[in-house]
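Q: Residue 11 is where the sequence shown starts when you use this note's numbering, and the numbers rise one by one after that.
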Amino acid sequence: SGTLSAFATIYREEGILGFFAGLIPRLLGDILSLWLCNMLAYLINTYALENGVRAGTGDTGEGPGTAWEGLGMAGGDHGGHWDGSIMVEVTFLLPQASTMAEIKSYSQAVTGFFASMLTYPFVLVSNLMAVNNCGLAGGLLPYAPTYSSWLDCWSQLHREGNMSRGNSLFFRKVPAGKRYVWE
């Protein structure tokens with residue numbers, strides 16, 4: 011009655027490995043997703059966004075003062091006095107910096123979305139292995155085949171073209187050879 015009896019049933023029916031069903035594909039998918047997400051975000055933030063900012067501000071990276079050329083202050087010579095033009099320049103550069111930080115934070119989210127799309131097959135295999143032959147009706151024949159290992163599950167899904175089943179909320183596809191409507 012409760013969680014402890016569920017743990018006892020899992021241990022009695024499947025042994026200690028029953029607690030780790032589907033763990034290997036889940037870990038592989040999470041590690042790959044984390045690596046892809048961070049690598050893509052780094053590449054976008056380092057090469058696409060920073061190069062775009064340099065091109066947009068006139069900063070060629072040739073030294074101090076070159077960023078001021080785009081604002082009509084060539085060579086960075088400010089005359090040594092505060093005549094108000096510095097205030098205009100500061101207010102002009104601050105929104106760019108905050109916008110850049112905001113864009114960089116969005117790039118992490120977007121790359122996380124793409125990484126999760128690419129690593130979805132690992133999540134699918136992990137979930138299928140968690141219910142594989144577990145005693146629930148959804149994990150037994152005729153609703154689900156029994157797999158000997160997660161590699162067997164992966165290869166069967168790949169053969170059937172079902173590696174992305176359940177990946178989309180809006181654009182669902184019926185797996186090849188399956189009918190869900192009875193006449």
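C-beta atoms are modelled at their ideal positions from N, C-alpha and C, and glycine is treated no differently.
(1) Tell me which residue opens and which closes the alpha helix (DSSP H) that M49 is part of.
(2) Leaving out five residues before and five after V100 in sequence, what residues of the same chain have Cβ atoms less than 6 Å from its Cβ?
(3) The alpha helix (DSSP H) spanning A58 covers which residue range?
(4) Out of curiosity, what's the CA-to-CA distance linking A16 and S165?
(5) Ordered along the chain, which non-local residues of its own chain (more than five positions away) have a Cβ less than 6 Å from that of Y157?
(6) Look at the Cβ atom of S123, then the Cβ atom of L42, and state whether they are nearer than 9 Å.
(7) For S136, count the other beta carbons within 10 Å of its own beta carbon; 16 or more makes it buried, fewer makes it exposed. Which is it?
(8) Suppose the cutoff is 8 Å on Cβ atoms and the five residues either side in sequence are ignored; what does the same chain contact list for Q118 look like?
(9) Exposed or buried, F181, counting other C-beta atoms within 10 Å across all chains shown (16 or more means buried)?
(10) Which class does C163 belong to by DSSP, given the choice of helix, strand or coil?
(11) Which residue from L138, A154, R175 puts its Cα closest to that of L33?
(12) Looking at the secondary structure, which residues open and close the alpha helix (DSSP H) in which T137 lies?
(13) Helix, strand or coil: how does DSSP classify F180 here?
(14) Does DSSP put A147 in a helix, a strand or coil?
(15) Since L179 and M173 should fall inside the 8 Å C-beta cutoff, what is the C-beta to C-beta distance between them, to a whole number of angstroms?
A: With the structure as the only source:
(1) For M49, the uninterrupted alpha helix (DSSP H) run begins and ends at 33-53, by DSSP.
(2) Residue placement at V100 is flagged as unreliable, the pLDDT there being 39, under the threshold of 50; the coordinate-derived value follows with that caveat. No residues qualify anywhere along the chain.
(3) Per DSSP, A58 is not a residue of any alpha helix (DSSP H), being assigned neither H nor E.
(4) Spanning the alpha carbons of A16 and S165 requires a straight line of approximately 30 Å.
(5) Contacts found: N142, C163.
(6) The amino acid at residue 123 is misidentified as Ser; the sequence shows Phe. No, the pair does not count as a contact, with Cβ atoms beyond the cut-off.
(7) Buried is the call here.
(8) Cβ within range, chain order: C47, A51.
(9) Using a 10 angstroms sphere on the CB of F181, the tally of other CB atoms stays under 16, which defines it as exposed.
(10) In the structure shown, C163 sits in a helix (DSSP, three-state: H, G or I).
(11) Nearest option by C-alpha distance: L138.
(12) Correcting the residue identity first, residue 137 is Asn in this sequence and not Thr. That run of the alpha helix (DSSP H) goes 130-141.
(13) When secondary structure is reduced to three states using DSSP, F180 falls in the coil class, being assigned neither helix nor strand.
(14) Helix.
(15) Not quite, the Cβ-Cβ distance comes to about 17 Å (not below 8 Å), so this is no contact.
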